[in-house]
Structure formats: C-alpha cells, structure tokens
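Single-structure report; data block below.
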C-alpha cells in the first residue's frame with residue numbers, strides 16, 4: 001500500500017470516545033479539560049470498573065507507530081500533525097504537557113479495541129505527589145505497572161507501536177533518548193481494527209488541562225523493540 005495516501009489525515013479526522021465538555025483545536029493543537037471522575041479501568045478484583053476516560057482517536061485497521069510529546073500544563077494541545085500509514089505496520093508518537101496535581105491525574109496514549117480490551121500508557125500522579133510513568137493493559141481485567149518518573153512530568157514524549165498482535169511503548173524526557181516502558185502481546189481481539197490516540201483522565205476530580213503536540217503516525221521499523 002502507498003503510505004503517501006494517508007498524508008492528508010489531520011486532527012479533524014479523529015473522533016472522541018467520551019467527549020469532554022471543554023476542548024478545542026487551535027492551530028493544529030488540541031486543548032482539553034477533563035470532566036469529573038473520568039477514567040479507564042477494569043478492576044482486577046472485579047470492582048471499580050470505569051469506561052469514562054477521554055480518548056481522541058482515529059481507527060486503524062493495521063499496524064502503526066504513534067508518537068506523542070506530553071507536557072503537563074495548564075492546557076493540553078496537539079501540535080502540527082503528520083500521518084503516514086502502511087498496510088502492515090505503523091507507529092504513533094506525541095508530546096504530552098499537563099499540570100498533574102491530584103491523585104490519579106493521567107495523560108498519555110491509548111490503543112482501544114473495546115471497553116474490556118485496551119492498552120494505555122503515560123504519566124499518572126500518585127500518592128505523595130509522585131509522578132509515575134506506567135501502563136495498563138486490559139484483557140477483560142486491568143493490570144497496572146508503574147515506575148518513578150525522573151524527568152520533568154510537565155513535558156514528556158511518548159511513542160507507541162503495533163506490529164500484528166504485539167505492542168511496544170517507549171518514553172523520553174528529551175525526545176532523543178527513548179526508554180522501553182512496555183513490550184506486550186495484545187488481546188486476541190487485537191487482530192481487528194483499533195482506535196489509537198491521546199488519552200487523559202482524572203478519576204478524583206475534573207479540570208486537568210492537557211496539551212498534546214507533535215503528534216505523528218508513521219511506519220515503524222522492522223524491529224519495534226530495538227529501533228529508536
């Protein structure tokens with residue numbers, strides 16, 4: 001497939017899953033303010049299931065590489081966006097900015113198949129005011145893995161790739177050195193189409209302003225684990 005046919009895709013081609021009350025696109029940037037008690041979570045103990053988080057995504061039928069720059073800030077935006085797709089593989093990348101201040105405030109990227117099958121990754125604000133970098137894979141029930149984020153949580157970069165039924169997530173504090181966050185098999189239903197894009201949630205409040213910028217979807221390398 002000629003990947004150039006996807007060059008015309010823009011933010012206006014994305015659609016909301018759980019559209020927030022306040023958001024806008026300005027100069028190819030997406031500005032979002034979260035609604036009250038928004039979250040994606042399927043409790044592993046069988047309780048506290050939530051499907052109210054905000055996902056601004058585009059449906060992809062094949063593999064991808066998605067990159068994002070994230071900066072926690074008073075606002076969340078999406079900057080100039082360029083998309084390239086391939087029938088077999090894609091990658092997504094983005095910059096994220098947000099002013100995380102309340103327990104479980106979070107923002108990042110998400111691969112979404114349905115309410116019971118998805119992967120999200122990014123920064124989450126934890127007890128004691130500690131920003132954590134982590135991911136949640138949900139296959140009927142959610143797991144959860146986190147680690148201390150040593151960079152500036154107000155601005156970080158996130159990259160998510162899919163090849164077949166495998167996903168690879170990496171993050172960066174400077175958009176140069178990329179660190180592996182997660183390599184995992186996706187649920188069996190991952191063989192079908194998925195919705196991919198920026199995600200933000202505030203399970204304990206409303207009003208987190210997030211900026212997503214420099215979003216790009218491109219063809220990944222053959223080795224999504226070791227390629228930068």
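Numbering (the UniProt record's numbering), first residue to last: 1 to 228. Using N, Cα and C, we set each Cβ at its ideal position, and we do this for glycine too.
query                                                                                                                                      : result
Could you give the residue range of the beta strand (DSSP E) that holds residue 59?                                                        : 54-60
Using only the alpha-carbon positions, how far apart do residue 136 and residue 157 sit?                                                   : 17 Å
Quick check: the Cα distance between residue 184 and residue 111, rounded to an integer number of angstroms?                               : 12 Å
By Cβ distance, which residues of its chain are closer than 6 Å to residue 161, with the 5 residues on each side in sequence left out?     : 65, 91, 168, 220 and 224
Check the DSSP bridge columns for residue 26 and list the partner residues they point to.                                                  : 29
Quick check on residue 161: does DSSP put it in helix, strand or coil?                                                                     : strand
Using CA coordinates, which residue listed in 155, 17, 166 and 214 is at the minimum distance from residue 195?                            : 17
Can you tell me which of 102, 222 and 67 puts its alpha carbon nearest to the alpha carbon of residue 128?                                 : 102
Given that a residue counts as buried once 16 or more other Cβ atoms are within 10 Å of its Cβ, and exposed if not, what is residue 12?    : exposed
Pull up the distance between the alpha-carbon of residue 53 and that of residue 202, whole angstroms please.                               : 8 Å
Expressed to the nearest angstrom, what Euclidean distance is found between the alpha-carbon atoms of residue 131 and residue 123?         : 6 Å
Among 226, 178 and 140, which has the Cα closest to the Cα of residue 93?                                                                  : 178
In its own chain, which residues sit with a C-beta less than 7 Å from the C-beta of residue 173, not counting the 5 before and 5 after it? : 151, 152 and 156
Taking the CB atoms as reference points, tell me whether residue 209 and residue 32 lie closer together than 9 Å.                          : yes
Could you check if residue 226 is buried or exposed, using at least 16 other CB atoms within 10 Å of its CB as the buried criterion?       : exposed
Note the first and the last residue of the continuous beta strand (DSSP E) segment covering residue 136.                                   : 131-139
Name the residue from 207, 204, 198 and 43 whose alpha carbon lies nearest to the alpha carbon of residue 214.                             : 198
Out of 176, 146, 25 and 164, point me to the one whose CA is closest to residue 193's CA.                                                  : 164
Under 9 Å between the Cβ atoms of residue 248 and residue 144?                                                                             : Outside the shown range of the chain (1 to 228) lies residue 248, about which nothing can therefore be said.
With DSSP as the reference, label residue 188 as helix, strand or coil.                                                                    : helix
Out of 206, 211 and 46, state which residue places its alpha-carbon closest to the alpha-carbon of residue 154.                            : 211
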